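Take a look at the structure set out below.
Numbering (the numbering used here), first residue to last: 984 to 1616.
As structure tokens, this is what we get:
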């Protein structure tokens, strides 16, 4: 895993070499092992390397082909590069390194942009072809690796991070008020936008062509299709899934450095750990973090998994545990620099501590990310199914009456309480069917958020943030409402929140994370399975648990999901209360006119008095304030 930089079609190639090096220095944590800068025509590439495959310095980047006409800078891993290399050797290709990067270079020379369809892995990379004077930017199917860019005239500047782009002399960095609205709705800024005007992310599964005359085109090269279902019984489908997961895990163990595992108390990481331990020729390091709050601590279940694996496999795993204090406000402030733009999924705190812990011993880990979205792991999928059943039993007026009664009677002191969950469900059931997913995925209503706005946001034309979700829903292929929710999660929440969080927290610690569940074969199989195989009569991850039979401890398989949540509502009423008030009421949110001070004060008092749980919105406002402060400094 690495970091990449590029300056294309510039009028100042002599200065670009120095600029690219400075930009690369800003992302040294993404690649501490080597740095390189290369120029071809008026295009400059830079690279920071985290060496995982082919540790020899000859594999350092950027790379040029033998003719010196095609240049590449690459971030990621190609899991099938050995097979592709053999095919290319048989076709007469010559290699100077054993790296996967040179395989991509040779594939492009042989097949052009069609080479993308042959790549199995996670990646974001750039190719400059001096024969056509074209720049090609490419990103993997699920957007696991980041790629930001902006244009100035006919020049194009791109990088793995916003921090690197900010080092370029043409950077302007005007904050986009519409992006702020989106952030308050989703807790992240949806792709392909960013917090800055005219700064974009290349969408997942996309290829961008840039011409020297300034023309740009973006095309998708892959699309997940939920319409075509396999005609398989549930047991046969579970067996096929098991085979796919074995293969996906084996591919992700290929490395020239030791591999570790993120081990929580859940099913997903337990399966990943067992499949890895069964196929590894050496003992693997497993990493678990514990919390002082027992309701969030999973060390006991993780220990059950570790013991079960060590009884079942010859090499086993070395289980490393570390208790952390996630209430560290200093760590929270540090993450603002790591992400480069507002991000308010507070599980970033345990993710940061876990990455730091793992990086102290290894450079590579496997994780269980993606299983919830692919195999029906979220409560919201059940909620969509129950709403569909309620639609048949009660007319809309009756559902709206129940929702009104719930808002009046049921308390909203904690979002995790049964009363709050019932209240949210009845409100969801009262909403029109086409608005339910949007309601599930946004924090509070647009009217509620807009009541907090100060002059700076009020003077901006309202951004229809729902358009982002509605467009994804429009393009969704599944006819089943619950499955459509899952399909949209893969495109929105997984790519915009989960994968961003994993990449930023791990790469800040020079750690590569690979996710077997996000293997293309596993993802495509998931789309081809009936949703009833994934979630049925309240049972989540039905087929995944069947596929894992004998692979994980039964207590873990039947254990209650905790995830990486943190007690944010409690912290805001106790340990972080004074800090929260100071930042929100005296900071830049108010001083620069983004939000109304009195409205924020009322919001805080409602939360402090336990009348309402506003922790998610307050968390987003806090992260926005910390981001604005970091920009000012």
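C-beta atoms are modelled at their ideal positions from N, C-alpha and C, and glycine is treated no differently. Here the structure is a predicted model, which means the values were calculated and not measured.
How about residue i and residue j: do their beta carbons lie closer than 8 Å?
i	j	result
residue 1158	residue 1166	no
residue 1252	residue 1359	no
residue 1601	residue 1611	no
residue 1060	residue 1104	yes
residue 1143	residue 1107	yes
residue 1599	residue 1368	no
residue 1035	residue 1234	no
residue 1329	residue 1549	yes
residue 1299	residue 1260	yes
residue 1539	residue 1231	no
residue 1209	residue 1510	yes
residue 1609	residue 1583	no
residue 1256	residue 1292	yes
residue 1474	residue 1424	no
residue 1090	residue 1071	yes
residue 1312	residue 1366	no
residue 1337	residue 1285	no
residue 1535	residue 1250	yes
residue 1453	residue 1421	yes
residue 1529	residue 1221	yes
residue 1229	residue 1185	no
residue 1325	residue 1551	no
Of the residues the options, which one's Cα is nearest the Cα of residue i?
i	options	result
residue 1361	1046, 1592, 1544	1544
residue 1406	1124, 1122, 1388	1388
residue 1507	1470, 1495, 1534, 1530	1470
residue 1150	1225, 1004, 1183	1004
residue 1267	1248, 1466, 1279, 1303	1303
residue 1182	1583, 1097, 1140	1140
residue 993	1292, 1093, 1271, 1138	1138
residue 1438	1596, 1272, 1160, 1100	1160
residue 1190	1121, 1246, 1496	1121
residue 1146	1009, 1053, 1069, 1022	1009
residue 1575	1554, 1615, 996, 1066	1615
residue 1066	1049, 1101, 1028, 1319	1101
residue 1270	1501, 1541, 1334, 1571	1334
residue 1152	1135, 1393, 1243, 1523	1135
residue 1244	1223, 1344, 1310, 1193	1344
residue 1064	1086, 1057, 1052	1086
residue 1040	1017, 1055, 985	1017
residue 1413	1457, 1025, 1371	1371
residue 1431	1162, 1273, 1578, 1404	1578
residue 1364	1553, 1472, 1440, 1374	1472
residue 1468	1481, 1419, 1499	1419
residue 1262	1283, 1048, 1237	1237
May I ask whether a heavy atom of the ligand NAD can be found less than 7 Å away from the beta carbon of residue i?
i	result
residue 1538	The model depicted lacks the ligand NAD and carries no ligand whatsoever.
May I ask which residues mark the beginning and end of the beta strand (DSSP E) holding residue i?
i	result
residue 1058	1053–1061
residue 1030	1026–1032
residue 1496	1495–1497
residue 1001	No beta strand (DSSP E) holds residue 1001; the alpha helix (DSSP H) holding it covers 996–1008.
residue 1022	1017–1023
residue 1533	Note, residue 1533: premise wrong, no beta strand (DSSP E); not H, not E.
residue 987	985–991
Quick one: give me the first and last residue of the alpha helix (DSSP H) that residue i is part of.
i	result
residue 1370	1362–1376
residue 1553	1551–1556
residue 1526	1525–1530
residue 1064	1064–1073
residue 1504	1503–1510
residue 1522	Premise fails: residue 1522 is in no alpha helix (DSSP H) and is neither H nor E.
Is the CB of residue i under 8 Å away from at least one CB in chain B?
i	result
residue 1198	No chain B appears in this structure, which consists of one protein chain only.
(request) Could you tell me whether the stretch 1517–1527 touches the stretch 1554–1564, where touching means 3 or more Cβ pairs closer than 8 Å? (result) no
(message) Which complete beta strand (DSSP E) runs does the stretch 1163–1235 hold, if anything under 3 residues is left out?
(response) 1189–1193, 1199–1203
(request) Taking only runs that begin and end inside the stretch 1078–1164, name each unbroken alpha helix (DSSP H) of 4 or more residues, in chain order. (result) 1083–1094, 1145–1148
(message) Across the stretch 994–1002 and the stretch 1452–1465, are there enough close Cβ pairs to call them in contact, namely three or more that are closer than 8 Å?
(response) no
(request) Decide yes or no for the touch test of the stretch 1069–1089 against the stretch 1125–1140: beta carbon pairs closer than 8 Å, at least 3 of them. (result) no
(request) Pick out the complete beta strand (DSSP E) segments inside the stretch 1246–1281, 3 residues or longer, and give them in chain order. (result) 1267–1274
(message) At 3 residues or longer, what runs of the beta strand (DSSP E) sit wholly inside the stretch 1305–1351?
(response) 1347–1349
(message) Which runs of the alpha helix (DSSP H) at least 4 residues long sit entirely within the stretch 1425–1494? Give them in chain order.
(response) 1429–1433, 1438–1441, 1449–1458, 1464–1472, 1482–1490
(message) To test your reading of the DSSP string, which unbroken beta strand (DSSP E) runs of 3 or more residues are found completely within the stretch 1542–1612?
(response) none
(message) I'd like to know if the stretch 1479–1494 and the stretch 1205–1214 are in contact, where contact means that at least 3 CB-CB pairs between them fall below 8 Å.
(response) no
(request) Examine the Cβ distances between the stretch 1112–1121 and the stretch 1490–1498 and report whether three or more of them are shorter than 8 Å. (result) no
(message) Quick test of the definition: if touching needs 3 or more C-beta pairs under 8 Å, does the stretch 1313–1324 touch the stretch 1272–1286?
(response) no
(request) Please go through the stretch 1396–1423 and give each complete alpha helix (DSSP H) segment of 4 or more residues, from N-terminal end onward. (result) 1401–1413
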